[in-house]
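So the structure is just underneath, and the comments pick up after that.
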Amino acid sequence: MIAPDRPLPRDPTAGRRRRRAALIALILILLYGWTLQDLDLGTRGLAQGLLMAKNMLLGMMHPEWSYAGEAFLRLLESIEMAFLGTAAAAVLAVPFAFWAASRGRRFDIVPATGKGVLSAIRTFPELILAILFLVAVGPGPFAGVLAIAVHSIGMIGKLYAEAVENIDPGPVEALEAAGAGRPAVFFYAVLPQVLPEFASVALYRFEINVRAATVLGVVGAGGIGTPLLFALQAYAW
């Protein structure tokens with residue numbers, strides 16, 4: 001004989017959760033509406049934006065080719081800045097990487113200090129570094145290269161250190177057991193494992209630095225950023 005189904009007990013907190021969810025949704029809707037009004041993103045702003053986008057697209061169909069040569073040279077300068085800064089950082093970050101790489105112990109003051117130094121370097125954005133170097137060496141691409149290189153050391157050194165920490169200890173232990181010295185262990189067991197990762201990190205950072213070099217031109221650190229800033233201020237799309 002089958003017992004009759006009993007109704008499931010009601011959750012005493014279900015109503016409270018629904019009221020809380022409704023209150024949160026209402027707050028988000030009000031916040032969204034206030035943000036739209038504060039930023040003037042209503043229909044009038046949308047219509048003006050569409051009109052400007054239309055004019056910009058029409059202007060792109062009739063470019064001013066007299067600026068093409070200068071723009072290309074400035075663009076090439078930005079790429080060169082990114083390349084030089086990345087290359088310098090890729091080399092200078094190697095000792096920082098081995099300084100910050102953990103030796104397998106739970107806490108070691110040496111790698112902890114190295115990680116702290118790399119974190120401190122990453123704290124300063126490229127724009128702040130560029131302004132500092134502009135004061136030190138004057139406006140131009142050299143200040144941009146220095147800013148890119150210093151900031152890149154922080155990130156590249158961190159990723160290099162992680163690559164060093166993740167190497168396979170087998171080849172290292174085998175060479176040490178065979179009586180090899182530290183230089184031989186480094187060149188034949190450590191370097192072959194970390195070199196592909198180092199190259200991958202450097203290429204990835206170069207891609208980031210190309211964009212950074214464009215922005216640095218806004219503060220006078222060379223590259224295509226300065227002509228872009230003048231064009232934006234003049235609405236010369």
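When the letters of the sequence shown are read in order and numbered with the working numbering, they come out as residues 1 to 237. All C-beta atoms in this analysis are idealised placements derived from N, C-alpha and C, irrespective of residue type, glycine included. No experiment lies behind these values; they were computed from the predicted model shown.
Residue i to residue j span [Cα, whole Å]
i	j	result
Ala147	Leu159	19 Å
Leu65	Pro183	Looking at the sequence itself, residue 65 is Trp, so the reference to Leu does not match. Going from the Cα of Trp65 to the Cα of Pro183 covers about 57 Å.
Leu76	Leu118	30 Å
Ala143	Gly59	34 Å
Gly225	Leu57	21 Å
Ile131	Lys115	25 Å
Val172	Val218	48 Å
Leu31	Arg19	18 Å
Phe187	Asp108	25 Å
Leu252	Asp38	The requested residue 252 is not part of the displayed model; the chain covers only 1 to 237.
Gly49	Arg16	43 Å
Leu28	Pro169	53 Å
Val145	Ala22	53 Å
Ala234	Ala212	23 Å
Ala47	Leu36	15 Å
Whether residue i touches residue j by CB criterion (8 Å)
i	j	result
Leu167	Val194	The displayed chain sequence assigns Ile, not Leu, to residue 167. Closer than 8 Å, so yes.
Gly220	Thr214	no
Val150	Ile121	yes
Ala97	Gly157	yes
Ala90	Ala202	yes
Asn209	Gly69	no
Glu126	Leu216	yes
Glu165	Ser102	yes
Glu197	Ala163	yes
Supposed contact pair residue j and residue i - C-beta distance, whole angstroms, cut 8 Å
i	j	result
Arg205	Met155	6 Å
Beta-carbon contacts of residue i that lie in its chain and below 6 Å, excluding the five residues immediately before and after
i	result
Pro227	Arg74
Ala100	Pro111, Gly114, Lys115, Leu118, Ala161
Leu229	Val218
Outcome for residue i when other beta-carbon atoms lying within 10 angstroms are tallied against a minimum of 16
i	result
Ala138	According to the sequence as given, residue 138 is Gly; it is not Ala. So Gly138 counts as exposed.
Ile128	exposed
Phe133	buried
Val135	exposed
Ala189	buried
Pro192	exposed
Ile153	buried
Pro141	buried
Ala82	buried
Own chain partners of residue i with C-beta closer than 8 Å, once the 5 adjacent residues on each side are dropped
i	result
Ala174	Ala189
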